[in-house]
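Residue numbers (our numbering): 75 to 272.
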Ligand SMILES: Nc1ncnc2c1ncn2[C@@H]1O[C@H](COP(=O)(O)OP(=O)(O)OP(=O)(O)O)[C@@H](O)[C@H]1O
Ligand SMILES: [Mg+2]
């Protein structure tokens with residue numbers, strides 16, 4: 075992994091840690107509102123969400139997931155398969171009772187609540203990231219889990235909308251070494267919605 079990326083990843087992770095828990099709640103609610111107003115979201119029946127890690131101050135997805143379920147949408151969330159170095163997706167039906175900490179201490183469906191579904195069955199993917207740029211490129215957590223997934227999906231389902239969620243300070247003009255990345259289509263922050271021409 076390039077050192078440059080590592081340094082930038084650290085910088086944006088620390089930037090995010092400056093947010094208070096209250097700011098996370100308020101900004102995540104603003105992001106949720108804009109996400110739910112997207113036509114791509116309204117149309118979607120099956121959505122891949124990530125389950126946010128509270129300690130990292132990620133854009134919170136708990137309320138997004140709960141409301142999507144209430145709206146009757148099918149929600150898929152990641153299960154990390156560390157041995158295979160890949161992510162699988164499982165249908166989540168109840169946020170409060172079905173999750174437990176898994177790899178990287180990220181909440182994922184408990185083994186007894188797993189209903190694996192291929193990500194290609196989804197019609198919208200919420201992609202996590204530490205930073206995003208104006209070309210739709212993404213800096214993730216450094217495992218290339220999503221990079222590999224998105225590359226696979228790009229060949230089987232190129233029309234699948236990829237949506238990033240971020241706080242404004244995580245948006246930059248240009249990120250380094252993005253040639254291998256699959257760019258996202260839409261970025262939603264607490265202030266705006268960016269659509270990328272790919
Ligand atoms: N599609 C891919 N297939 C295999 N290796 C890849 C792929 N994309 C990136 N990599 C490699 O994996 C390593 C980590 O990539 P990178 O730093 O871009 O991860 P990331 O985008 O932060 O992680 P993630 O996608 O899980 O959020 C790098 O060495 C990169 O070259
Ligand atoms: Mg990457």
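Note that the Cβ used here is the ideal one computed from N, Cα and C, for glycine as well.
Element boundaries [alpha helix (DSSP H), containing residue i]
| i | result |
| --- | --- |
| residue 137 | 136-144 |
| residue 170 | 169-172 |
| residue 102 | 95-111 |
Residue nearest to residue i in terms of C-alpha spacing, selected from the options
| i | options | result |
| --- | --- | --- |
| residue 183 | 165, 194 and 195 | 165 |
| residue 228 | 97, 248 and 259 | 259 |
| residue 97 | 212, 123, 128 and 83 | 128 |
| residue 109 | 235, 94, 81 and 78 | 235 |
| residue 190 | 181, 153, 160 and 203 | 153 |
| residue 121 | 148, 105 and 137 | 148 |
| residue 233 | 261, 197 and 240 | 197 |
| residue 268 | 239, 171 and 134 | 239 |
| residue 104 | 137, 118, 172 and 82 | 137 |
| residue 118 | 150, 158, 218 and 202 | 150 |
| residue 79 | 160, 159, 114 and 216 | 216 |
| residue 106 | 262, 82 and 270 | 262 |
| residue 208 | 131, 250, 181 and 156 | 250 |
| residue 231 | 256, 158 and 248 | 256 |
| residue 246 | 81, 86 and 77 | 86 |
Simplified DSSP assignment, three categories, for residue i
| i | result |
| --- | --- |
| residue 229 | helix |
| residue 76 | coil |
| residue 235 | coil |
| residue 181 | strand |
| residue 82 | helix |
| residue 224 | helix |
| residue 189 | coil |
| residue 129 | helix |
| residue 115 | helix |
| residue 90 | helix |
| residue 243 | helix |
Residue i burial status per 10 Å Cβ neighbour count (16 or more: buried)
| i | result |
| --- | --- |
| residue 168 | exposed |
| residue 265 | exposed |
| residue 99 | exposed |
| residue 205 | buried |
| residue 210 | buried |
| residue 202 | buried |
| residue 141 | exposed |
| residue 242 | exposed |
| residue 144 | exposed |
Boundaries (first-last residue) of the beta strand (DSSP E) holding residue i
| i | result |
| --- | --- |
| residue 160 | 160-166 |
| residue 198 | 198-201 |
| residue 260 | 260-262 |
| residue 153 | 148-155 |
| residue 207 | 205-207 |
| residue 249 | No beta strand (DSSP E) contains residue 249, which DSSP labels as neither H nor E. |
| residue 267 | 267-269 |
| residue 256 | Segment: none, residue 256 is in no beta strand (DSSP E) and carries neither H nor E. |
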